[in-house]
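Below is one structure, written out as structure tokens; comments come after it.
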Amino acid sequence: MRYHLIVSDGGFASGLAEALGMLLGKWEDVLRVSFQDGMALPTFQEQVRQVTALITAEDDPLDETAEAMKACAVEKIEQFRTDAGSEDDI
Numbered sequence: 610m611r612y613h614l615i616v617s618d619g620g621f622a623s624g625l626a627e628a629l630g631m632l633l634g635k636w637e638d639v640l641r642v643s644f645q646d647g648m649a650l651p652t653f654q655e656q657v658r659q660v661t662a663l664i665t666a667e668d669d670p671l672d673e674t675a676e677a678m679k680a681c682a683v684e685k686i687e688q689f690r691t692d693a694g695s696e697d698d699i
């Protein structure tokens, strides 16, 4: 299976996934993660980890890079956190 991952701030990812579902029918391969207002960064990181844990190399040959992409995303989030200072500053 080839997954489609929608990541956004606010409700955009969920809204887009719901709109696609209404137009095209529900798809199990559309995954979404949203960074909500007031959400702590560790909570967002855990959501990303949980959602991307569903993606494995066996799902599609193109998804062999899923682990690298996941690691890169977490690294970028950590860099953002370091650049921004404490979690209270975010």
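For the sequence shown, my numbering begins at 610 and goes up steadily by one. Glycine included, every Cβ here is placed at the ideal spot set by N, Cα and C. Keep in mind that this is a model prediction, so the values were computed, not measured.
Residues sharing a beta bridge with I615, DSSP:
R641
Locate the alpha helix (DSSP H) running through E655, then write down its first and last residues.
650 to 661
Buried or exposed, going by whether 16 or more other CB atoms sit within 10 Å of the CB of L705?
Given that the chain is displayed from residue 610 to residue 699, the structure contains no residue 705 and the question cannot be resolved.
For I664, which of A649, A680, P651, L650 has the nearest alpha-carbon?
Nearest of A649, A680, P651, L650 to I664, Cα basis: A680.
Check whether the stretch 650 to 658 and the stretch 682 to 689 are in contact - that is, three or more C-beta pairs closer than 8 Å.
Touching, yes.
Where do the ends of the alpha helix (DSSP H) carrying A628 lie?
621 to 633
So, under 8 Å CB-CB, V616 and V639 are touching, yes? Tell me the CB distance rounded to an integer number of Å.
Between V639 and V616 the Cβ distance is about 12 Å, and since that is not below 8 Å, they are no contact.
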